[in-house]
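Numbering (the working numbering), first residue to last: 3 to 107. For every residue, glycine included, the Cβ atom is placed at its ideal position computed from N, Cα and C.
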């Protein structure tokens, strides 16, 4: 299971909202994808990317539950891809208070 995530920071200039995009693959096959305007206004590209990362994790867990309900064994690890170094840094160390104190958890 793999999810590729990306966020377009302030893609909607008038509303100041970013765009979340992800695509999920299972065994190399595309299972689901989505591109959607984020609900809230983000203060940085890292926050926009971090929000789409959290959504990607939720989708991976959702797919694992679906596979378990269908009695399909999935022992491989789940992989989440992100292209933003700041968001990756926040994901590895969420105690960066100066950078993440405004992010709702």
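In angstroms, rounded to a whole number, what distance separates the CA positions of residue 49 and residue 74? 35 Å
Taking only three categories from DSSP, how would you classify residue 75?
coil
Original post:
Exposed or buried, which one is residue 61 when buried takes at least 16 other CB atoms within 10 Å?
Top reply: buried
Go to residue 23, then tell me how far its beta strand (DSSP E) extends in each direction, as first and last residue. Counting along the chain, the unbroken beta strand (DSSP E) around residue 23 starts and ends at 19-28.
Rounded separation between residue 27 and residue 5 - CA only: 6 Å
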